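Here is the structure we will look at.
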């Protein structure tokens, strides 16, 4: 859930459920690798990929008072943080209205007449998922990446303008078609097609793009946040909150997962009328796992240098509402 290695593992675990998964998510893999070269990996990209195995759930309000431990199990203090400095603004406050991320482009139904699902929307990147017959296809658009200086393999027409079409591959995987479109404000939109898509498919996707802004979908509501923290990204799979001083750095990530069988190896805690688990891994940070029913559990990960007490962690989790449309992702 935290690194691109987790993303690759999620792909491998779910390939038997969706034969086209690896191909469909190719553009997202490439985008993640590109991000690693540009800046620190964002936790939110890793979790977004898991929507392929998604299952919708109804609204769930956790609520209730939070106790640090069960009566028959004394609470053990969490190991001290190994971070060099604490993340600022850690006192929990009432969450202000969250500003939803927007994207300057959106796609009309295409290709093959299908309507796209927003797999990922955060900052300057949009990933759209198309389901057509047995295929699962993913197209991505990233803003501001610039136009390469190499010659394109061909040229095409998109919305009355000539654009160059390039081929790109990453990690020895199949090549994908990509194109670059200069927006009215001077920024560049980088378009990527899935590995199975042709050059014509990519141009059809480009034709489908409109300039009306697209707003993100919220699948989780939070009652409390660390002071000053804001929404970094949101999707059907997860919600990520970041520090105002470093929004692309350590984040609180909220998401649903298929319920983990057996013992989790953490400490049992109570949240309202439910029992959950706090798991702490040195250098990684605490994670609160709260079973919601026989099949699903809520998982909330916190940065290792976010100095909240166990009670405050549980207060945060107790204030989460799982909204309709939230989807179960991978591990």
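Residue numbers (this note's numbering): 571 to 901.
We put the CB at the ideal spot given by N, CA and C, even for glycine.
For clarity, every value in this text was computed on a predicted model and none was experimentally measured.
Between the segment 856 to 875 and the segment 824 to 837, do at least 3 Cβ pairs fall closer than 8 Å? Two segments are said to touch when three or more pairs of C-beta atoms, one from each, lie closer than 8 Å; by this definition the segment 856 to 875 touches the segment 824 to 837.
Are the CB atoms of residue 722 and residue 700 within a distance shorter than 8 Å? As a first step, residue 700 must be located in the chain shown, where it is residue number 130. As a first step, residue 722 must be located in the chain shown, where it is residue number 152. In this structure, residue 700 lies away from residue 722, with their beta-carbon atoms at least 8 Å apart.
Just to confirm the assignment: which complete beta strand (DSSP E) runs, minimum length 3, are found wholly within the segment 767 to 846? The beta strand (DSSP E) runs of length 3 or more contained entirely in the segment 767 to 846 are, from start to end of the chain, 790 to 792, 794 to 796, 800 to 804, 808 to 813, 816 to 828, 837 to 841.
I'd like to know whether the C-beta atoms of residue 801 and residue 694 end up nearer to each other than 8 Å. As a working mapping, residue 801 is identified with position 231 in the chain shown. As a working mapping, residue 694 is identified with position 124 in the chain shown. Contact flag unset, no.
Pull up the CB-CB distance for residue 557 and residue 805, whole angstroms please, since I reckon it's below 8 Å. No answer is possible for residue 557: it lies beyond the span of the chain, which begins at 571 and ends at 901.
So the beta strand (DSSP E) residue 760 belongs to, where does it begin and stop? By one-based count along the chain shown, residue 760 stands at place 190. 758 to 762 is the extent of the beta strand (DSSP E) around residue 760.
Can you tell which of 871, 884, 876 has its C-alpha closest to the C-alpha of residue 843? One-based indexing of the chain shown puts residue 843 at position 273. Considering only alpha carbons, the answer is 884.
Taking the straight line between their C-alpha atoms, what separation do you get for residue 707 and residue 696? Taking the first residue of the chain shown as position 1, residue 707 is located at position 137. Taking the first residue of the chain shown as position 1, residue 696 is located at position 126. Residue 707 and residue 696 have their C-alpha atoms some 14 Å from each other.
Residues near residue 717 by beta carbon distance below 7 Å, same chain, minus five either side: The residue given as residue 717 occupies position 147 in the chain shown. If the five residues before and after residue 717 are omitted, its C-beta is found closer than 7 Å to the C-beta atoms of 750, 758, all from its own chain and listed in chain order.
When you compare each of 740, 767, 731, 783 to residue 677 by their alpha carbons, which one comes out closest? Taking the first residue of the chain shown as position 1, residue 677 is located at position 107. Considering only alpha carbons, the answer is 783.
Could you give the distance in angstroms between the alpha-carbon of residue 814 and the alpha-carbon of residue 729? Position 244 of the chain shown holds residue 814. Position 159 of the chain shown holds residue 729. Looking at the backbone, the Cα of residue 814 and that of residue 729 are separated by about 38 Å.
Identify whether residue 712 lies in helix, strand or coil by the three-state DSSP scheme. As a working note, residue 712 is residue 142 in the chain shown. Three-state result, residue 712: strand.
Residue interval of the beta strand (DSSP E) (run including residue 664): The count along the chain shown starts at 1 and reaches residue 664 at position 94. First-last of the beta strand (DSSP E) with residue 664: 662 to 664.
Between the alpha carbons of residue 726 and residue 775, how many angstroms are there, rounded? Taking the chain shown and counting its residues from 1, one reaches residue 726 at position 156. Taking the chain shown and counting its residues from 1, one reaches residue 775 at position 205. Rounded to the nearest angstrom, the two C-alpha atoms are 12 Å apart.
For residue 735: DSSP bridge partner residues: Counted from its first residue, the chain shown places residue 735 at position 165. Bridge partners of residue 735: 724, 749.
For residue 672: DSSP bridge partner residues: By one-based count along the chain shown, residue 672 stands at place 102. For residue 672, which the question treats as bridged, DSSP gives the partners 785.
I need the straight-line Cα distance from residue 821 to residue 769, nearest angstrom please. By one-based count along the chain shown, residue 821 stands at place 251. By one-based count along the chain shown, residue 769 stands at place 199. One C-alpha to the other measures close to 37 Å.
Going straight from the alpha carbon of residue 882 to that of residue 810, what length do you get? Here residue 882 refers to the residue found at position 312 when the chain shown is read from its first residue. Here residue 810 refers to the residue found at position 240 when the chain shown is read from its first residue. When rounded, the distance between both Cα atoms is 18 Å.
Do residue 868 and residue 826 have their C-beta atoms closer together than 8 Å? Residue numbering aside, residue 868 sits at position 298 when the chain shown is read from its first letter. Residue numbering aside, residue 826 sits at position 256 when the chain shown is read from its first letter. Closer than 8 Å, so yes.
Under 6 Å Cβ to Cβ from residue 812, same chain only, skipping five residues before and after it: list those, please. Numbered from its first residue, the chain shown carries residue 812 at position 242. 802, 821.
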